[in-house]
Every structure is written in structure tokens, then in C-alpha cells.
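Remarks on the structure that follows.
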Amino acid sequence: LVAAPALKAALSSLRSTGSSGRREEVSMGVIQGGTVIGLLLLFGAVKLSGGEYVGWGVAGIATLAGGLWLWISGLVVAQTTGRTDWSPLSGLALIAIAIMMGILGTGREAIVPAVTIGAAICVATSMCADMMADLKTGYLIGGMPRKQQIAQIATCWIGPGISLATLLILWQAYGFGPEQAKICYERAEAAGPTELVAYREAGGSPTQLASGIPSLEAPQAGALEAAIGIVQAKDVPVPMYAAGAVLGLLVSILVSPGLGVMVGLSMYLPFSYMILFGLGGIISVILTRLKGARWAESKGVPIAAGLIVGDALVGVANAVLQVLHTTL
391 LVAAPALKAA LSSLRSTGSS GRREEVSMGV IQGGTVIGLL LLFGAVKLSG
441 GEYVGWGVAG IATLAGGLWL WISGLVVAQT TGRTDWSPLS GLALIAIAIM
491 MGILGTGREA IVPAVTIGAA ICVATSMCAD MMADLKTGYL IGGMPRKQQI
541 AQIATCWIGP GISLATLLIL WQAYGFGPEQ AKICYERAEA AGPTELVAYR
591 EAGGSPTQLA SGIPSLEAPQ AGALEAAIGI VQAKDVPVPM YAAGAVLGLL
641 VSILVSPGLG VMVGLSMYLP FSYMILFGLG GIISVILTRL KGARWAESKG
691 VPIAAGLIVG DALVGVANAV LQVLHTTL
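For what it's worth, the numbering used here labels the leading residue of the sequence shown as 391, then goes sequentially.
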């Protein structure tokens, strides 16, 4: 409901496309062809992941529902990214999975196809956010939207490919999730008595990670697991969801548009993450007052971005070395 004005504006802009002179974007034929190909691929993914459990008709209904939700999510994400540089990907993906489980059922066999569609929607909506950010930057510097769109379409496979490779490397090296300590302990136990003794000497146990192993809790995956469990148990706490939605709406309208999301994130992300976010915010306020807003924007933001990216790159590099050491 809150996004209704933004959706109306997006639809109005689509209807008026082409009436203002030379078209600067890719043709509607390309967009329509890509939509058909995407729906066919989504249909194939649903049928293959569901196997005999998902019939052809159910797969078709799930594909159409997923495509419709993807279209709505893309409009929402494009509008929010264009206006605020923030995109609610996690929430939209969770809603998509809940919708798919409503169509496919709540049995264990429905989890894989439901999560498959949710992952596809998450990747596609993230591309909407990326596309909007690029188009906004291109508009500011006088870029041609058509060229940007062609580049995005031609390179859309790179991001998911790198992400999957990174996840596989991290899983092979450290494992992740709420039971990461148990996974690492079982791997050390399977490797032999020597490895198990060394793991225990480093402080490792079925409930405690050994020293030197980073904690990869995957909080968003935990939230997804909890949501799937609630749907399967048919015990959805509707009053709590409604209360959260009302509070988020009131906070966003009366205080700040993005504050409701931050409050929600602070409730399900690990406390250690929120402490670091809080410290970063305090440092930003202090530096802005001491050095000025221009310095904080031109110097502080690149430094903070470098810390975030550098930490991730070092972690992945260590994981690669760990995998190579194990396999060689």
C-alpha cells in the first residue's frame, strides 16, 4: 500500500514510453522476448526442482505467480533504489517463498522448488536495483540508457556465478549456518584422530568453533528457515506480523522512511553486527561534526567501503587457501 504511488508512477512512465521522441532504451520487443525466455526458464526450474511432486499445471501456476510477484518486486525495488539507494530484497524473497509454499504445499517436497523460485526472484530483483542505480548514475553523467541496459544484460551471469563460487568455497572451507560448529567438528572427526585432537586443542567442540575459524552464522538464511518452519507448522503468528507491519508503517511515515527497516534488521541480525553498525554510525556523526559533511562524504565513505570490501576479500582469500591446503 505504501508503495502504491511509486507503482502508479512507474506504470504511467511505461505507458508514456515512446511518445516523447527518439527512444533511448532497448526496444519493447527485446524486453518481451526476454520476459518469455525468463518465464520458460523459471518454469523449467520449478518442474526440475519439484520432480514428480510438482505437476505441470501446478508448475505453470507457480511460474505465473512468481513472474507476477517478480514484476511487482522489480517495480518496488527500482523505485526504492532510485529514491533512497536501499532495496528490501530479503523481505520480498521471504514473501515470494511464502506465496510459493501456499501454491505448492507445505510438505518437505515443496521446500526446494519454493526456495528455487525465491532465489530466482531475489537475484532478479537485485538486478533491478543494480540497473536502477546504474541508470541513475548514467543519467547524471549523460550516459545512454540503451548501452547500459545492453551491458547489464550481457553481464548478468557474472554476479550469480561469482556468488555461487564464493558460497561453495566458504562451505568447503568453514561451513556456515546456525550449526557451523557442529559441521566443523564432524569434519574434523571424519578426517581422523589427529585432526580431531588438533581441532579440540584449538578450542573446538560441537558447540564451539575452534580458534581461527570465522563465524558465518548466515542470519538471513536463519530467518528463511524460521519462516519456512512457521508455514509448515501452519502456526503463522498473524497478530505479530500485523503489529510489525503497522509499526514499520508508522515509523516510516512519522519519523523516517528507512527507519522502520533498520529497526527490523536490528531485531533479527546478530547483536555483534548491530554493535558494529552502531559504532560506525557514531563515528560518522563525530567525523561529520569535526571535519564537515563534505569530508565525511568524500573521504569517510570510500574508507568505510574499502573496509567492508577488503574484509570480505580477505575472508574469501583465506577460504581459498584453506580449500587448497585441504585438497592438495
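Quick reminder that beta carbons are idealized off the backbone N, C-alpha and C, glycines included.
Classification of residue i by the beta-carbon crowding that lies within 10 angstroms, buried from 16 upward
i	result
Tyr-589	buried
Ser-595	exposed
Gln-539	buried
Thr-506	buried
Pro-629	exposed
Gly-565	buried
Val-444	buried
Ser-601	exposed
Lys-334	Beyond the ends of the chain as shown, which are 391 and 718, falls residue 334; an answer cannot be given.
Cβ neighbours of residue i in the same chain (closer than 8 Å, five flanking residues each side left out)
i	result
Val-710	Ile-559 and Ala-563
Ala-509	Ala-483
Ala-571	Gly-594, Ser-595, Pro-596, Thr-597, Gln-598 and Leu-599
Straight-line gap, residue i to residue j (C-alpha atoms, nearest Å)
i	j	result
Met-664	Val-653	10 Å
Val-466	Pro-535	20 Å
Cys-574	Pro-583	14 Å
Ala-578	Glu-569	14 Å
Cys-518	Ser-417	17 Å
Met-522	Leu-458	19 Å
Leu-430	Leu-482	22 Å
Glu-414	Lys-689	35 Å
Leu-639	Gln-469	17 Å
Thr-425	Leu-454	11 Å
Ala-635	Thr-496	24 Å
Arg-684	Ile-672	17 Å
Thr-545	Gly-593	44 Å
Ala-632	Ile-643	16 Å
Thr-597	Leu-557	22 Å
Leu-606	Gly-567	6 Å
Leu-680	Ser-662	27 Å
Gly-434	Gly-533	36 Å
Leu-697	Thr-527	23 Å
Val-699	Glu-591	32 Å
Paired residues, beta bridge with residue i - DSSP
i	result
Ser-595	Gln-598
Own chain, CB closer than 6 Å to residue i, minus 5 neighbours either side, in chain order
i	result
Ser-516	Leu-479
Pro-550	Val-513
Ala-504	Ile-487, Met-490, Met-491 and Leu-494
Leu-460	Ile-511 and Ala-514
Close Cβ partners of residue i (< 7 Å) along its chain, the five nearest in sequence each way excluded
i	result
Leu-586	Ala-578 and Glu-579
Ile-501	Ile-618
Ala-686	Ser-674, Leu-677 and Thr-678
Range of the contiguous alpha helix (DSSP H) that encloses residue i
i	result
Trp-561	548-563
Leu-680	661-681
Glu-576	570-581
Phe-566	No alpha helix (DSSP H) holds Phe-566; DSSP gives it neither H nor E.
Arg-536	535-544
Thr-716	691-717
Ala-486	479-494
Asp-625	First-last for Asp-625: undefined, no H or E at that position.
Ile-511	501-531
Ile-603	Element bounds for Ile-603: n/a, residue is neither H nor E.
Any non-hydrogen atom of the ligand ADP within 8 Å of residue i CB
i	result
Thr-506	Ligands in the displayed structure: none, and consequently the ligand ADP is not present.
Cβ of residue i within 9 Å of any chain D Cβ
i	result
Val-436	Protein chains in the displayed structure number just one, and chain D is not present.
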